[in-house]
Amino acid sequence: MQVPAITGLWPFPGTTALSFTFIASIFGAAAASTLWCVWINDPASVAGVALDYVVIFAPAVLFALAVNSAEANTIPFAIASVVSVAFGVWLLTQSWGKRYRDLDPTPRPILIAFVVFVGALIIAGGALVLKTPGIMPWQITPDLSVLFGAMFLGAAVYFAYGLYKRYWSNAGGQLAGFLVYDLFLIVPFFQRFGTISDTLRVSLTIYTAVVTLSALLALYYLFIHGPTRILRPTR
């Protein structure tokens, strides 16, 4: 998942093809969650997406400034991250405290899944920020470990917000984002089983199980389950 015109602007050396795919999956997930809010036309549901942007990109700004060097000019990345934080803050000002138009509750199985997601994302994200090796099922640099950890922690905040505001308007966006994230990664993960080292096999197995099960959960509630599917009769 590499577009030379885009990857050429990426400032962090040692970024592999799978790392670029992971980054694309994060941005794809954010786009899907945002489009969900547009689709359902419920401004209150944007607040969770906005928190995600802020939590991911605020530490990214500080980190990019800290590691800037002649070998890796991270200033453009820092500026882009500042813009993303500002966008997230603006979204918060437009959505925080607004009343939800659709008060349908989040189905209980999704809430249970979100509890698991939040716990897993906090544990994995914290370990990545601390540069613990072997968390991701491929080799990443210490700098990327910190960035990917921030992305996981941002996602944890988004899912935690879904537990705080237990409306389908929120949960649908979170599942839409997770589904896009899963679709980016699931095929590359299965392809790695034939070549993965033993030290990373456990991580790959766990990660693949998570993206597979979360994709099935999202597909069911977004496209099959009658009360929540996207194309359902208007009440």
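Using my numbering, read the sequence shown as starting at -5 and increasing by one per residue. Ideal Cβ placement from N, Cα and C applies to all residues, glycine included. Every value quoted in this text rests on a predicted model; they were computed, and no experiment measured them.
- Cβ contact annotation for phenylalanine 172 (same chain, cutoff 7 Å, sequence separation greater than five): Ala23, Ser208, Ala212, in chain order.
- Of the other Cβ atoms in all chains shown, 16 or more fall within 10 Å of the Cβ of tryptophan 30; this residue is therefore buried.
- Taken atom to atom, the span from the alpha-carbon of isoleucine 134 to that of glycine 8 is near 7 Å.
- Under the DSSP assignment, glutamine 88 falls in the alpha helix (DSSP H) whose first and last residues are 69 to 89.
- DSSP places proline 37 within a helical segment (H, G or I) once states are collapsed to three.
- Non-local C-beta neighbours of aspartate 46 in its own chain, meaning closer than 8 Å and more than five positions away in sequence, comprise Ala24, Ser27, Gly82, Gly148, Ala149, Val151, Tyr152, ordered along the chain.
- Burial check for tryptophan 162: the Cβ neighbour count within 10 Å reaches 16 or more, so the residue is buried.
- Put simply, the backbone Cα of leucine 85 is about 28 Å away from that of valine 205.
- A distance below 7 Å between beta-carbons, with the five flanking residues on each side excluded, links aspartate 36 to the following residues of its chain, in chain order: Tyr94, Arg95, Asp96, Ser163.
- Separation of alanine 58 and alanine 11 (C-alpha to C-alpha, rounded to the nearest whole angstrom) is 21 Å.
- Its Cα nearest to that of glycine 220, the residue Asp98 stands out among Ala74, Ala203, Asp98.
- Segment contact: the stretch 112 to 122 against the stretch 67 to 77, fewer than three CB-CB distances shorter than 8 Å; contact not assigned.
- Its Cα nearest to that of serine 63, the residue Pro5 stands out among Pro5, Arg195, Val48, Lys125.
- Ranked by how close their Cα comes to the Cα of valine 40, the residues Ser19, Gly91, Thr15 have Gly91 in first place.
- Sequence-distant Cβ neighbours of glycine 120 in its own chain, meaning closer than 8 Å and more than five residues away, are Gly143, Leu147.
- DSSP places proline 99 in the strand class (E or B) of the three-state scheme.
- Listed in chain order, the non-local C-beta contacts of glycine 166 below 6 Å within the same chain comprise Trp30, local neighbours out to five positions each way being set aside.
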